[in-house]
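For reference, the structure discussed in these notes is given below.
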Amino acid sequence: MRTAFRWSLGFAAIMSAAAIAQPITTEVEAVRETPQIDSTTTTQDVKYKQDDYGRMTVPVHVAGRGPYRFLVDTGADRTSVSTAMAAQLQMTPGKMARLHSITGTSSVSTANVRQMVLSKDRVRSFEAALLEAGDMGADGILGVDSLRSQRVTFDFKKQLISIVPSARPIYRDEKEAIVVRGQLKRGHLIISRAMVDGQPTVIVLDTGAEISMGNEALRRKLESRGRLRNPERVSMTSVTGDKLLGDAYFVKEIEIGGLTMRKLGIFFSDTQTFRTLGLEDKPAMLLGMNAMRAFDRVSIDFETKKLRVLMPEHGMNGGAAVAAGR
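Just so you know, this note's numbering puts the end of the sequence shown at 333, numbered straight through with nothing missing.
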């Protein structure tokens with residue numbers, strides 16, 4: 008079963024149409040080794056594709072076959088492939104690993120991927136988690152294990168993804184972008200100084216989450232101030248096929264560095280992701296793609312721990328309203 012969000016027609020009509028379904032961040036631990044990608048790896052201007060649910064995929068060749076469609080998830084610790092692909096390509100089984108999804112922790116099988124090619128660049132042998140294609144909604148997931156010294160740029164106007172070494176010069180017009188500094192925790196880029204409707208909040212950047220997600224600590228703080236009204240009950244399905252229930256609200260304003268975002272939809276639930284990051288007891292949220300798509304371009308630099316965003320010309324780009332400063 009594909010990852011899905013289900014809510015009443017009234018709330019769905021207000022939200023971006025792309026926020027109906029998207030695989031949620033997956034983290035895999037205890038695998039034997041990571042893909043051999045270093046600061047020389049370059050994948051520039053790969054055309055991504057969006058299906059009817061807004062999933063963002065890129066073409067990838069695996070073991071000389073393909074192309075296969077892989078979801079791009081900068082919140083996923085490890086790259087994953089489908090069980091069907093592993094069988095088709097006769098991949099060698101690997102060790103068992105722990106997988107953290109929004110619904111909990113489970114044990115999954117892994118398989119050895121002999122070679123993976125994105126654009127002109129090759130990733131040598133590594134172990135990938137095995138998931139069902141129907142649950143992922145794609146043939147695989149590209150995770151941050153190959154991005155630790157890289158800068159990933161999502162150009163929403165041109166529908167392009169660029170992955171280059173952090174030291175590579177940035178786009179000329181990106182020099183005018185707003186830059187927010189963060190820190191890394193378990194591969195995630197985290198911004199510790201942000202505000203959600205006046206409440207200090209830790210922000211985790213997660214392009215694998217189609218809708219932004221808040222934890223229960225943030226929800227309690229906002230409810231105590233009367234900030235949350237008119238909830239919609241939501242059913243969400245993770246990449247493991249498990250379901251999670253929660254409530255979706257609009258928040259009035261989010262401040263991150265020199266950015267202000269207004270009227271953003273957030274799903275609140277007690278998800279495993281926050282416990283994995285040690286953020287279950289402090290207000291925190293995952294900033295998902297319904298927020299990212301409000302900008303013309305978003306760059307996440309894992310080496311320098313920086314988020315860069317290029318503002319849309321009219322302050323709106325299919326998502327939340329955004330502005331520079333207040």
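All residues carry an ideal CB built from backbone N, CA and C; glycine is no exception. Remember, predicted model here, so these are calculated numbers, not experimental data.
Query: Buried or exposed (CB count within 10 angstroms, at least 16 for buried), P319; Result: buried
Query: Residue from L212, V79 and A118 whose Cα sits closest to the Cα of Q166; Result: V79
Query: Straight-line gap, A28 to V246 (C-alpha atoms, nearest Å); Result: Residue placement at A28 cannot be trusted, given a pLDDT of 35 that sits under 50; the coordinates are not used to answer.
Query: Strand pairing of V151, partner residues [DSSP]; Result: In DSSP, V151 forms no bridge with anything.
Query: Beta-carbon spacing of R240, L252 below 9 Å; Result: yes
Query: Contact check, T90 vs E134, beta carbons under 9 Å; Result: no
Query: CA nearest to the CA of P207, picked from L191, R193, R226 and L196; Result: R226
Query: Rounded straight-line distance, which links the Cα of A330 to that of E40; Result: Because E40 carries a pLDDT of 39, less than 50, the predicted location of this residue cannot be relied on, and no value is offered for it.
Query: Three-way DSSP call (helix, strand, coil) for E260 in this model; Result: strand
Query: Nearest-angstrom beta carbon gap, G233 and M292 [assumed within contact, 8 Å]; Result: About 19 Å separates the two Cβ atoms, so there is no contact after all.
Query: Simplified DSSP state of G141, which is helix, strand or coil; Result: helix
Query: Assigned secondary structure, T99 (DSSP; H/G/I helix, E/B strand, else coil); Result: strand
Query: Sufficient close CB pairs (3 or more, under 8 Å) joining the stretch 181-193 to the stretch 302-317; Result: yes
Query: Local conformation of N297 per DSSP, three classes; Result: helix
Query: Per DSSP, cross-strand counterpart(s) of E134; Result: N119
Query: Assigned secondary structure, K228 (DSSP; H/G/I helix, E/B strand, else coil); Result: helix
Query: Three-state class that DSSP yields for T244 in the structure shown; Result: strand
Query: In DSSP terms, what R315 is bridged to; Result: V186 and S306
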